[in-house]
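Here the sequence shown is numbered in UniProt numbering, starting from 1 and rising by one per residue.
Worksheet: one structure, shown below.
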Amino acid sequence: MQDNAGTGGHVPVMLERVLELLGPALRGPEPVVVDANLGLGGHSEALLAAYPDLRLIGIDRDPFAIDFAGRRLSPYKERTTLVHASSGDLAEVLAHAGHTTVDGALFDLGVSSPQLDEAERGFAYSYDAPLDMRMDTEQELTAERVVNTYPAAELTRILRDYGEERFAPRVAGLIIKERAKEAITSTKRLADIVREAIPAATRRTGGNPAKRTFQALRIEVNAELTALEAALPAALDALTLGGRVVVLSYHSLEDRLTKQALTARTRDTSPPGLPVPLPAHQPRFRLLTRGAELPSEEELARNPRAASARLRAAERIRVDD
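The structure is reproduced here in structure tokens:
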């Protein structure tokens, strides 16, 4: 959901490729698409404009996103249903909207520019702000609570698993030591603690040493990977024959989960050695991308925040009997 220039110059990531991949699934009568990470609504707006009969269900856990996208998509309000919810609730959202099947599903993962650029949201280590990091500002869990209440072992696990921080025990240990003196409540203080915990030789390479810690905390606070683990299989289950899913991820953990979910659905699971594949074990999906596609040079020139984007897509080719 890496949007450029905040709300003003929003540039949806890899938009042309998203439209190209979803297009063949949306040519029937009254197609339905679920945008599981609505954000500022750029992808949804383009889809609604391109397909006059399209019905769109947009999901986002950020109330600001629902409000902004609602205004942006107001010309299409008769064809849109926007829901304030986690993408992990996708199956329930579809059921409540009366759509047990959809023709297309879009996942634009990650954090949006308004979340990064508004200091008070506490997502960025480049601003001194309260340690918040909530996408859903109505939830209770914040980064401040994680940093100040989680035990050392749990902090270490989060930093290692979600931030891929190789110095996770050192960072967690210094956080525990510093919070005993005074609660850690600001992004600047946390970034300074992380910097102090990382060995000097490592600090000189690889950008800001706080990046991995802030990513890990954001994923924990918003249960991002848990939501994806629930939402992507639910979307795949809901796709009609010929339906397509497109996933844009922005770090290796998201991309790995996406790859695993799509690979599991595109593999023949017949027992080895059989002369004829068993129909019940034939793949229900086929991959539309070879590996993860990257943004073009032209895309990066327009939208530098697309640099970390990885796109994968698949199509349903069989339905269960």
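Every residue, glycine too, gets a C-beta built ideally from N, C-alpha and C.
Quantities reported herein were computed from a predicted structural model and do not represent experimental measurements.
For Thr-240, the enclosing beta strand (DSSP E) stretches over residues 239-249. A straight line joining the alpha-carbon of Phe-107 with that of Glu-154 spans about 29 Å. A straight line joining the alpha-carbon of Tyr-76 with that of Leu-48 spans about 7 Å.
Ser-44 is classed as buried because its beta carbon has at least 16 other beta carbons within 10 Å across all chains shown. For the pair Ile-198 and Leu-174, the Cα-to-Cα distance works out to about 10 Å. Put simply, the segment 98-105 touches the segment 19-37. At least three CB pairs are less than 8 Å apart. The Cβ atoms of Gly-42 and Leu-15 lie closer than 8 Å to each other.
Between the segment 85-101 and the segment 52-67 there are three or more C-beta pairs closer than 8 Å, enough to call the two in contact. Rounded to whole angstroms, the gap between the alpha carbons of Thr-142 and Ile-219 is 11 Å.
Residue state for Asp-161 is assigned as helix, using DSSP reduced to three classes. Secondary structure in the segment 275-320: the alpha helix (DSSP H) runs of 4 residues or longer, each lying completely within the stretch, are 297-302 in chain order. In the three-state DSSP reduction, Asp-103 falls in the strand class (E or B). The Cβ atoms of Leu-21 and Ala-264 lie no closer than 8 Å to each other. For Gly-70, the enclosing alpha helix (DSSP H) has its first and last residue at 63-72. DSSP places Gly-42 in the uninterrupted alpha helix (DSSP H) bounded by 42-50.
Residue burial is scored here from C-beta neighbours: Thr-258 has at least 16 other C-beta atoms within 10 angstroms and is therefore classed as buried.
Residue pairing by DSSP places Thr-81 opposite Ile-57 in a beta bridge. Considering only Ala-168, Arg-203 and Tyr-250, the residue with the shortest C-alpha distance to Gly-110 is Tyr-250. For Thr-137, the closest C-alpha among the options Phe-285, Glu-92 and Pro-63 is that of Pro-63. Ile-184 and Leu-131 do touch by the CB rule: their CB atoms are close to 7 Å apart, below 8 Å. Here the C-alpha atom of His-281 lies approximately 5 Å from the C-alpha atom of Ser-270. Considered as a whole, the segment 191-215 harbours 200-203 as its complete alpha helix (DSSP H) runs of no fewer than 4 residues, in chain order. Within the model, the alpha-carbon separation for Gln-139 versus Pro-275 is close to 55 Å. DSSP places Val-13 in no beta strand (DSSP E); its state is neither H nor E. Between Leu-73 and Thr-80, the alpha-carbon positions lie close to 8 Å from each other.
Thr-205 is classed as exposed because its beta carbon has fewer than 16 other beta carbons within 10 Å across all chains shown.
Here Val-171 carries a helix assignment [DSSP, helix/strand/coil]. Around Thr-289, the same chain offers Leu-311, Arg-312 and Ala-313 as residues with beta carbons nearer than 7 Å, after the five sequence neighbours per side are excluded.
The Cβ atoms of Thr-187 and Tyr-127 lie closer than 8 Å to each other. When the Cα atoms are used, Glu-297 and Ala-50 turn out to be separated by approximately 25 Å. The C-beta of Thr-156 has 16 or more other C-beta atoms within 10 Å across all chains shown, which makes the residue buried.
Arg-316 is the residue among Ala-46, Arg-316 and Ala-292 whose C-alpha sits nearest the C-alpha of Arg-267.
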